[in-house]
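If you're matching positions, the sequence shown starts at 0 in numbering that gives the first Met the number 0 and goes up one per residue. No residue lacks a Cβ here, since even glycine has one placed at the ideal position from N, Cα and C. Just below is one structure, and these are the notes that go with it.
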Amino acid sequence: MTLNKWHYQLLTLPELPAEVLEEFPTLPVDQYNEGKFRHRRFSQYRIRYADGWQPELLPHRPFCQATEFNGVTGGLLREFEPLQIDPAPVIRAGAEEIPLDHGVEWQVDVHQWRVISNDDTRGISVPEGPHQDGHTYSLIAVVDRHNIGGGETQLMPMDSDEPFLGVKLQPGQAVVIDDRKMRHYATDIVAPRGEEGHRDLFLLAYNAWPERRYGAEYEKSVLTGA
C-alpha cells in the first residue's frame, strides 16, 4: 500500500512476540517530564533493503529534537535507556506501508512508551501539544490499551488545530504519516477513579540516511540551533 492523498495511512501491525508485550511494564520513568505519567526506552537503527528491510542497531546516543519541533523538551540531549526487545517487525511494517525507497538507506528512531493514568497521575499523551516531529515519516503504533478512556490520535493541517482525522487506535493498529505535511496529537488518557490504566505504544521516525537525525554533528546542530 502507500500513503493516501491526505499523506497518511492506517495499518494493522504484525503479531508481536510475547516478550515484546511483557517488556512494557518494565519501562523506566521518563525523567524529562514533570510527573510519572510516561515510561520510556529509546534506540536508533539503520535500515537497508536486501530481500526485505534489514535493521542494524546503531551505537546508543542521546535523543534530541530542535526547539522548533518541541517547545517543552527540545534543545536538550535526553538520555534514555535502550530498548531490550527487537522492534524489527514494527520497523518493517512502517517501511513497507509508506513505502520507503528501496534504493536508499534510512535511519529510524524507535521510542517505546507506556503512558499511565491514575488518581495521582494525569495521563498526558503529548505534553508539547499538536506538533510535528521534524522527520520525514512517522509511525504511531498502539500495542495495548487497558482500562482507559481518551487516547485519541489526531492528525491536523499545518494551519489549524481542527483534526481531519481522529481515531482511537486499538491494540495492533497504527497510523503512518508524512510528518512534513501535517501536525499530530493524542488526547490524554483517563482511568476510572480509584483505578489505574495505561496506553502502550511505539513511535517510529524515518529519515533517509543522508538526512539522518543521529550522531554528534546532528546533536551539535540541535544544541546550537543551527
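Member of the options whose CA lies at the smallest distance from the CA of residue i
i: residue 112; options: 213, 215, 16 and 202; result: 202
i: residue 28; options: 152, 81 and 13; result: 81
i: residue 195; options: 14, 35 and 21; result: 35
i: residue 15; options: 87, 148 and 115; result: 87
i: residue 39; options: 102, 219 and 198; result: 198
i: residue 94; options: 143, 173 and 200; result: 173
i: residue 148; options: 212, 64, 46 and 116; result: 116
i: residue 212; options: 43, 153, 140 and 122; result: 43
i: residue 54; options: 6, 104 and 64; result: 104
i: residue 52; options: 61, 97 and 59; result: 97
i: residue 154; options: 175, 169 and 145; result: 175
i: residue 215; options: 59, 31 and 6; result: 59
i: residue 92; options: 138, 5 and 192; result: 138
i: residue 167; options: 114, 89, 159 and 141; result: 141
i: residue 2; options: 180, 21, 208 and 191; result: 180
i: residue 47; options: 163, 7 and 208; result: 208
Counterpart residues of residue i in DSSP-defined beta bridges
i: residue 101; result: BP columns for residue 101 are empty, so no partner.
i: residue 143; result: 199
i: residue 116; result: 196
i: residue 206; result: 106
i: residue 138; result: 175 and 203
i: residue 55; result: 45
i: residue 133; result: None, per the DSSP bridge assignment.
i: residue 128; result: In DSSP, residue 128 forms no bridge with anything.
i: residue 111; result: 40 and 201
i: residue 62; result: 77
Where the alpha helix (DSSP H) through residue i begins and ends
i: residue 152; result: Unbroken run through residue 152 is the beta strand (DSSP E), 152-155; no alpha helix (DSSP H).
i: residue 90; result: 87-96
i: residue 218; result: 215-223
i: residue 19; result: 17-20
Rounded Cβ spacing between residue i and residue j (contact assumed at less than 8 Å)
i: residue 186; j: residue 161; result: Not confirmed; about 14 Å, so no contact.
i: residue 12; j: residue 171; result: 5 Å
i: residue 100; j: residue 204; result: With a Cβ gap of about 16 Å, residue 100 and residue 204 do not count as contacting.
i: residue 108; j: residue 136; result: Residue 108 to residue 136, Cβ: 11 Å. No contact.
i: residue 84; j: residue 19; result: 5 Å
i: residue 23; j: residue 143; result: 7 Å
i: residue 218; j: residue 76; result: 6 Å
i: residue 182; j: residue 134; result: About 13 Å separates the two Cβ atoms, so there is no contact after all.
i: residue 206; j: residue 106; result: 5 Å
i: residue 221; j: residue 122; result: Contact doesn't hold; Cβ gap of about 28 Å is too wide.
i: residue 110; j: residue 41; result: 5 Å
i: residue 7; j: residue 200; result: Not a contact, Cβ separation roughly 16 Å.
i: residue 114; j: residue 37; result: 5 Å
Continuous beta strand (DSSP E) stretch holding residue i: start and end
i: residue 38; result: 37-48
i: residue 7; result: 7-11
i: residue 14; result: Counting along the chain, residue 14 falls outside any beta strand (DSSP E), and DSSP gives it neither H nor E.
i: residue 166; result: 164-166
Point to revise | alpha helix (DSSP H) runs contained entirely in the segment 169-193, provided each spans 4 or more residues | key: Runs of the alpha helix (DSSP H) inside the segment 169-193: none found.
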